[in-house]
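Student:
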Amino acid sequence: MKIPKGRESTLKMKPGGSNVGKYKGVAKKSFCGPSGGAPKGSYPVNSKKRARAALSYAHNAPKPSGIKACVKRKWPSVGKPKKKK
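The numbering of the sequence shown is the numbering used here, which starts it at 73 and goes up by one.
The following block contains the structure:
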């Protein structure tokens, strides 16, 4: 997702926006930041690994529950406890 250079620095100052602009090859729909009140271009969830990371860093967003709900919508299997054998 491309963000204009002048806008990028202001978005980085907002809560949960420290990595805005680092994910240029990720599609716009693959971000959960806006769901949690964080700037556009934050909390990418285009892979299972990044979805797990978004859950672990959700506490930095203004509304962590929004990030968690977005991740659950896109990756329902992430964050569930493993089944015991």
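We put the beta carbon where it would ideally sit given N, CA and C, even for glycine.
Just the C-alpha distance for K154 and K121, rounded to the nearest angstrom, thanks.
Tutor: For the purposes of this step, residue 154 is taken as the residue at position 82 of the sequence shown. For the purposes of this step, residue 121 is taken as the residue at position 49 of the sequence shown. For K154 and K121, the distance between alpha carbons rounds to 16 Å.
Student: State yes or no: is the beta carbon of A133 nearer than 8 Å to at least one beta carbon in chain C?
Tutor: Within the model displayed, chain C is absent; a lone protein chain is all it includes.
Student: Within the segment 100 to 130, note down every full alpha helix (DSSP H) run reaching 4 residues or more, in order along the chain.
Tutor: As far as the segment 100 to 130 is concerned, its whole alpha helix (DSSP H) runs of at least 4 residues are 120 to 129.
Student: Assuming P159 and Y95 make a contact with CB atoms under 8 Å, what is their CB distance in whole Å?
Tutor: Summary: the structure shown does not reach residue 159, with the chain confined to residues 73 through 157, and so no result is reported for it.
Student: Can you have a look at G230 and say buried or exposed, based on whether 16 or more other CB atoms are within 10 angstroms of its CB?
Tutor: Look at the range of the chain in this structure, 73 to 157, and you will see that residue 230 is not part of it.
Student: Quick check on G138: does DSSP put it in helix, strand or coil?
Tutor: Looking up residue 138 in the sequence shown gives position 66. Reduced to three states, the DSSP call for G138 is helix.
Student: On the three-state DSSP scale, how would you describe V143?
Tutor: On the sequence shown, position 71 is the one that residue 143 refers to. In this structure, V143 counts as helix in the three-state DSSP scheme.
Student: Of all the options A125, N132, K156, which has the alpha carbon lying nearest to the alpha carbon of V143?
Tutor: The sequence position of residue 143 within the sequence shown is 71, counting from 1. Comparing Cα positions, the closest option is A125.
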